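There are 4 protein chains.
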Amino acid sequence: MTSTTDRTDPLLSVVRAGLRTYDLGRPLTIGMPQSPNHPPYWHSLPRRHGDMVRADGGSAANDFISMGTHVGTHIDALAHVSQDGKLFGGEDAFDAGCGGRYEHLGVHTIEPMLRRGVLLDVPATLGVPRCEGGYEITAADLEQTAQAQGTPVESGDVVLIRSGWGQHFDAADGASYVGKETGVPGIGAEAARWLADRDIHAAGADTIAFECLRAGAGHSSLPAHRVLLVETGIYIIEAMALEELATDSVHEFTLVLVPLPLHGATGSPVRPLAVVRRD
Amino acid sequence: MTSTTDRTDPLLSVVRAGLRTYDLGRPLTIGMPQSPNHPPYWHSLPRRHGDMVRADGGSAANDFISMGTHVGTHIDALAHVSQDGKLFGGEDAFDAGCGGRYEHLGVHTIEPMLRRGVLLDVPATLGVPRCEGGYEITAADLEQTAQAQGTPVESGDVVLIRSGWGQHFDAADGASYVGKETGVPGIGAEAARWLADRDIHAAGADTIAFECLRAGAGHSSLPAHRVLLVETGIYIIEAMALEELATDSVHEFTLVLVPLPLHGATGSPVRPLAVVRRD
Amino acid sequence: MTSTTDRTDPLLSVVRAGLRTYDLGRPLTIGMPQSPNHPPYWHSLPRRHGDMVRADGGSAANDFISMGTHVGTHIDALAHVSQDGKLFGGEDAFDAGCGGRYEHLGVHTIEPMLRRGVLLDVPATLGVPRCEGGYEITAADLEQTAQAQGTPVESGDVVLIRSGWGQHFDAADGASYVGKETGVPGIGAEAARWLADRDIHAAGADTIAFECLRAGAGHSSLPAHRVLLVETGIYIIEAMALEELATDSVHEFTLVLVPLPLHGATGSPVRPLAVVRRD
Amino acid sequence: MTSTTDRTDPLLSVVRAGLRTYDLGRPLTIGMPQSPNHPPYWHSLPRRHGDMVRADGGSAANDFISMGTHVGTHIDALAHVSQDGKLFGGEDAFDAGCGGRYEHLGVHTIEPMLRRGVLLDVPATLGVPRCEGGYEITAADLEQTAQAQGTPVESGDVVLIRSGWGQHFDAADGASYVGKETGVPGIGAEAARWLADRDIHAAGADTIAFECLRAGAGHSSLPAHRVLLVETGIYIIEAMALEELATDSVHEFTLVLVPLPLHGATGSPVRPLAVVRRD
């Protein structure tokens, strides 16, 4: 009864043996915390059941959505950031956007990811529940965490840096997650270079800005974005939900991430998964 | 240097051995063919590089998107369709939408899928390049195709029904894909019941409406939606890109599909993948 | 050379003699202060000049806008508020919205206004630069102001109540205008009844909520909306720019207000004018 | 009882004597005919009555709108069109849009209009119910019409050119109004120069493109836009409802038009009025 093929495709065999999936994407809800630089997520139902019922008793409801692509859990395309007028690879940033879309480095050019993922649980290493606002996570923090966990960072990996700041995401006061007054923990240029030196594919964090933000300083400077997106072509994933992975001490996994192919856009909402075999 | 874990997690081992990924999602572009019942996809760049350059020479571009959730390649949540005032499981459809979102059967309740996927290549069975507009794909067509391919449909599968109509998606005239005048091929209630009887998890097609639409009849009746979404709780995926799978005769695979967790919405844009080991 | 007609149309004669126009509408800008209950105003240019230049050297730029209708200076349709399940005139509020639009009391049913307008400059009467947050403007305040100004309120008028709170609109901190922590000055049920008793056509204010909001209480209760919109069918105009009128002591004028005919909507952005002859 | 002021303000006296108002704006409805180059009008109710009822029995409904600014009845700002890289007055068109908005020539710079308006009823002159698709209205047509009506065009006027094509606006098939296959009647460069020579303030028409469009040619060239917007700084109003004015032979009136102050946008939806005294 079982087909020949599925006996031989090893991926399908593993899938059938049972997987455990961690959902690393935040639900998209009206009013969720975000940077004010981007159009917020908004949702409405133009048609609800009962609005228009067909003669046969059937009815359909539908949606109307408006949003930026850098709200909620999302991935930054290489087109998102430029430095001194250049995008990754040296393309002129100004010319690249002519026509209203980024043809070469837009989010539609990001291949779906099924890759080794590594969680670097920095607060576990530091012995704190979460990093403080404004704390700059260093290369030494990352190195020490990878060693302590026994999960060295390898070429092609997707590296997720947990600061613990994601604990604020669901706070009644959305402002605490954005952290304008407190600052937000994250890496700076130094740790970004450490990641780039390891030739990773993408880096993620549990904060909205990915970077270390000093209290009150806002986004005046984004050195980690520059190092990763512009200088080395490494994608950035933001506002990830990493608490559950940390609680379960899952530090290595298959990272599944499929950006929407929004033609020419600078980012995409995503719902990344960390997948391991079911115990 | 390799950690203990990745030697033992079988999924990661398979990922590292190399996978081939088929992209079953259509690019989201302004003006792509769609049903006029839904808000179209629209994209713009509120900020382009050069609009606001920071003192350190950095610049960021971003996006503004508006869309329905039943445009482009997308998945229907169970909340999308009701019959005689009831949703799947008997919930009152009118009450369910009160508050402007579907809490119990909205698209945020669809678990990410990593499952066996089966492509039923109906035109291959029928010996035609594609089914005609208005052709109703029958249970016998599906049965015969599954047998000919050696890929029986099993419980929990995601079944993708290729009609070949996806060849029209990129036509200069978007109207041919929508097929208002010609009709569109697809299954009706009879084949939907055949699928439901096999206890599948989701069904997909390469058309915008999934159903067989008669020429000129429009969406006056949607029996397959009723059977799958309302009566049996099986998700529907529409506007899939299935030609490449068919060309390569890939009839069985791991289907990866991760809906966006749009809280309370009736559907979500998706970019499904068919994944097999790399030869 | 002058036509016969324009000699005889008295309106045109007055127009030609010269008018002074006060702009009572706030500019619509991204990030302007608003209630978080509504989708914010957002604007982007999908096409800028240079994106697509025709062979003849011509180029067009265009816009993409998303917004609620109760942001910026706007008018509330009678469909906006219900009490005990009823809209103005007793229509069932629930049934009225079926179909996703308010057919009978939506903003498209508001006739364009060219009417007598009266500014009631309450702070001038009270001898303060502006009313305090949370101050409830009373019927006595309105009565006294109308008398002091020599501008009795008459049937059919549009009455604009200046609290002075509009001075906060352009504050760097948008939060001061919204006034969540300080409260906002405005009328309550008592003064609303005074207005209703005078059979006015519409009432406006220089605040976002029109009502007196107590510090920290938010929109838990909106008695003036109930009295005006639900009980007596009087339109409400919010977030008006009234400072210039007050500075010039223009208390009586022709009010010009033309809502957009947004079919079935509960409100519309407007740019009301106060017009008098040029001195 | 009447205040001193209103006895002396002549505008208010005329208003009180009674006015007749013609509504020249089309209702904004989902699916109305438009050019596919612009984001369509879409409306939804995020909150309907009953969704959230306060303890005191009150409830509010609200809206969510998305649209371009060149759909429905609208006005073109001078920033809308450029020629050879220049906007009106010689401003560099490319630089002008830097920052995502047109500061100097955006629609927020258009002053509200209360001006003499003239309807030029071209089909009445030609003795036809409406001009044919693709018919180019000439300067001679305009001259002859103005003379026949006894309404010479004067400096500062708003001139509305009726082609009769507005009769198609409400056709079941929206395509007939857009007229891609039939062409659309309108003026060309020659008649535009005739208007510009008369130093008018704005020109309007009952078509979506204002221009004469040849059958099948689309918007490949827009000479009247170039003459009016770029060369002479005259605003253009499109998709006006002019049939009722023509039926009543109202050829001269006060034109009231108040664009929304959409900061930096290239156009705005409007609801223009033609106002005369009540007979």
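Chains as they are written, first to last, in this note's numbering: chain A, 26 to 304; chain B, 26 to 304; chain C, 26 to 304; chain D, 26 to 304. Each residue gets a CB set at the ideal place from its N, CA and C atoms; glycine is no exception. These numbers come from a predicted model, not from an experiment.
Inset, instruction - Name, please, each residue of chain B whose Cβ falls closer than 9 Å to the Cβ of P61 (chain C). - result: Mapped onto the third sequence, residue 61 (chain C) falls at position 36. Simply none; closest approach about 15 Å.
Inset, instruction - Could you spell out where the alpha helix (DSSP H) holding Y202 (chain B) opens and where it closes? - result: As a first step, residue 202 (chain B) must be located in the second sequence, where it is residue number 177. Y202 (chain B) -> alpha helix (DSSP H) spans A200 to V203.
Inset, instruction - Take R141 (chain B) as the anchor and find which of B:R251, B:V184, B:S38 and B:L285 has the nearest alpha-carbon. - result: As a working mapping, residue 141 (chain B) is identified with position 116 in the second sequence. Looking at the Cα atoms, B:V184 is the closest of the given residues.
Legend entry - Alpha-carbon to alpha-carbon, V255 (chain B) and P248 (chain B): To locate residue 248 (chain B), count along the second sequence from 1; it is residue 223. To locate residue 255 (chain B), count along the second sequence from 1; it is residue 230. P248 (chain B) and V255 (chain B): Cα-Cα distance of roughly 10 Å.
Legend entry - Minimum Cβ-Cβ distance from W67 (chain C) to chain A less than 8 Å: As a position in the third sequence, residue 67 (chain C) is number 42, starting the count at 1. Yes, because at least one Cβ of chain A sits closer than 8 Å to the Cβ of W67 (chain C).
Legend entry - Cβ-based contacts, 9 Å cut-off: residues of the segment 73 to 100 of chain B near chain D: R73, G75, D76, M77, S91 and G93
Legend entry - Boundaries (first-last residue) of the beta strand (DSSP E) holding T46 (chain A): Within the first sequence, residue 46 (chain A) is the residue found at index 21, counting from 1. Element bounds for T46 (chain A): L44 to D48.
Inset, instruction - Could you list the residues in the segment 111 to 142 of chain C with a C-beta less than 8 Å from some C-beta on chain D, going in chain order? - result: L112, A118, F119, A121, G122, G125, R126, Y127, H133, E136, P137, L139, R140 and R141
Legend entry - Residues that DSSP places opposite T163 (chain D) in a beta bridge: Within the fourth sequence, the letter at position 138 stands for residue 163 (chain D). Answer is none; T163 (chain D) lacks a bridge partner.
Inset, instruction - Please report the residue range of the alpha helix (DSSP H) in which F119 (chain A) lies. - result: Numbered from 1 along the first sequence, position 94 holds the residue referred to as residue 119 (chain A). Per DSSP, F119 (chain A) belongs to the alpha helix (DSSP H) from A118 to A121.
Legend entry - C-beta atoms of H74 (chain B) and T176 (chain B) nearer than 8 Å: For this step, residue 74 (chain B) is matched to residue 49 along the second sequence. For this step, residue 176 (chain B) is matched to residue 151 along the second sequence. The answer is no: Cβ separation not under 8 Å.
Legend entry - Nearest-angstrom Cα separation, counted from G213 (chain D) out to G292 (chain D): The sequence position of residue 292 (chain D) within the fourth sequence is 267, counting from 1. The sequence position of residue 213 (chain D) within the fourth sequence is 188, counting from 1. Answer to the nearest angstrom: the Cα atoms are 21 Å apart.
Legend entry - Sequence-distant residues of the same chain with beta carbon closer than 8 Å to D117 (chain B), five excluded per side: Locating residue 117 (chain B) in the second sequence gives position 92, where the first residue counts as 1. The answer, listed in chain order, is G110 and K111.
Legend entry - chain A contact for D34 (chain B) (CB, 8 Å cutoff): As a first step, residue 34 (chain B) is located in the second sequence; it is residue number 9 there, counting from the start. True, the Cβ-Cβ gap to chain A drops below 8 Å.
Legend entry - D146 (chain C), DSSP secondary structure in three states: By 1-based counting over the third sequence, the position of residue 146 (chain C) is 121. Note: D146 (chain C) maps to strand in three-state DSSP.
Inset, instruction - Could you check if E236 (chain D) is buried or exposed, using at least 16 other CB atoms within 10 Å of its CB as the buried criterion? - result: On the fourth sequence, residue 236 (chain D) is found 211 positions in, with the first residue counted as 1. Label assigned to E236 (chain D): buried.
Inset, instruction - Can you check DSSP and say which residues form a bridge with E263 (chain B)? - result: Mapped onto the second sequence, residue 263 (chain B) falls at position 238. Beta-bridge pairing links E263 (chain B) to B:H99.
Inset, instruction - Report yes or no: is there a C-beta of chain C within less than 8 Å of the C-beta of P64 (chain A)? - result: Translated into positions along the first sequence, residue 64 (chain A) becomes position 39. Chain C, which has a Cβ nearer than 8 Å to the Cβ of P64 (chain A), makes this yes.
Inset, instruction - Spell out whether any CB of chain C is found under 8 Å from the CB atom of A173 (chain D). - result: As a working note, residue 173 (chain D) is residue 148 in the fourth sequence. Taking Cβ atoms only, chain C never reaches closer than 8 Å to A173 (chain D), which makes this a no.
Legend entry - With 16 other Cβ atoms within 10 Å as the buried cut-off, status of Q172 (chain B): Taking the second sequence and counting its residues from 1, one reaches residue 172 (chain B) at position 147. Exposed: under 16 other Cβ atoms inside 10 Å.
Inset, instruction - Name, please, each residue of chain C whose Cβ falls closer than 7 Å to the Cβ of L326 (chain B). - result: Look at the range of chain B in this structure, 26 to 304, and you will see that residue 326 (chain B) is not part of it.
Inset, instruction - Consider the Cβ of V106 (chain B): report whether some Cβ of chain A lies at a distance smaller than 8 Å. - result: Position 81 of the second sequence, counted from the first residue, corresponds to residue 106 (chain B). At least one chain A Cβ lies under 8 Å of V106 (chain B).
Legend entry - N-terminal and C-terminal residue of the alpha helix (DSSP H) that A214 (chain A) is part of: Stepping through the first sequence from its first residue, residue 214 (chain A) is reached at position 189. A214 to D222 is the extent of the alpha helix (DSSP H) around A214 (chain A).
Legend entry - First and last residue of the uninterrupted alpha helix (DSSP H) at A271 (chain C): As a first step, residue 271 (chain C) must be located in the third sequence, where it is residue number 246. Note, A271 (chain C): alpha helix (DSSP H), E268 to T272.
Inset, instruction - Verify whether the separation of the beta carbon atoms of H105 (chain A) and A264 (chain A) is less than 8 Å. - result: Within the first sequence, numbered from 1, the residue matching residue 105 (chain A) stands at position 80. Within the first sequence, numbered from 1, the residue matching residue 264 (chain A) stands at position 239. Contact flag unset, no.
Legend entry - Those residues which DSSP pairs with Q108 (chain B) across a bridge: Your numbering for residue 108 (chain B) matches position 83 in the second sequence. A:G83 and B:K111.
Legend entry - Residues of the segment 252 to 276 of chain A whose Cβ lies closer than 7 Å to any Cβ of chain B, in chain order: none
Legend entry - Member of C:V209, C:T207, C:C123 and C:E215 whose CA lies at the smallest distance from the CA of L167 (chain C): Residue numbering aside, residue 167 (chain C) sits at position 142 when the third sequence is read from its first letter. Nearest C-alpha to L167 (chain C): C:E215.
Inset, instruction - For S84 (chain A), collect the residues of the same chain with a Cβ closer than 8 Å to its Cβ; drop the 5 residues on either side in sequence, then sort them by chain order. - result: Taking the first residue of the first sequence as position 1, residue 84 (chain A) is located at position 59. Cβ neighbours of S84 (chain A) beyond the five flanking positions: H74, G75, D76, M77 and V78.
Inset, instruction - With a threshold of 16 other CB atoms inside 10 Å of the CB of G211 (chain A), please say whether the residue is buried or exposed. - result: For this step, residue 211 (chain A) is matched to residue 186 along the first sequence. That one is buried.
Legend entry - Beta-carbon spacing of R296 (chain B), L285 (chain A) below 8 Å: For this step, residue 296 (chain B) is matched to residue 271 along the second sequence. For this step, residue 285 (chain A) is matched to residue 260 along the first sequence. Cβ atoms of R296 (chain B) and L285 (chain A): closer than 8 Å.
Inset, instruction - Examine chain D for any beta-carbon lying closer than 8 Å to the beta-carbon of D222 (chain C), and answer yes or no. - result: Working through the third sequence from its first residue, we reach residue 222 (chain C) at position 197. Chain D contact via Cβ: absent.
Inset, instruction - Quick one: residues in its chain with C-beta nearer than 7 Å to the C-beta of Y47 (chain C), no 5 flanking neighbours on either side, listed in chain order? - result: As a working mapping, residue 47 (chain C) is identified with position 22 in the third sequence. So the list reads E269, L270, V275, L298 and A299, once near-sequence residues are dropped.
Legend entry - Contact set between G56 (chain C) and chain A, taken where Cβ atoms lie within less than 8 Å: Here the question's residue 56 (chain C) lines up with position 31 in the third sequence. Chain A residues near G56 (chain C): P61.
Legend entry - 6 Å CB neighbourhood of D182 (chain D) in its chain, flanking five on each side removed: Counted from its first residue, the fourth sequence places residue 182 (chain D) at position 157. Taken in chain order, the residues that qualify are R141, V143 and I225.
Inset, instruction - Mark E161 (chain A) as exposed unless 16 or more other C-beta atoms lie within 10 angstroms of its C-beta, in which case mark it buried. - result: Start at 1 with the first residue of the first sequence, and residue 161 (chain A) comes out as number 136. The residue is buried, with at least 16 neighbouring Cβ atoms inside 10 Å.
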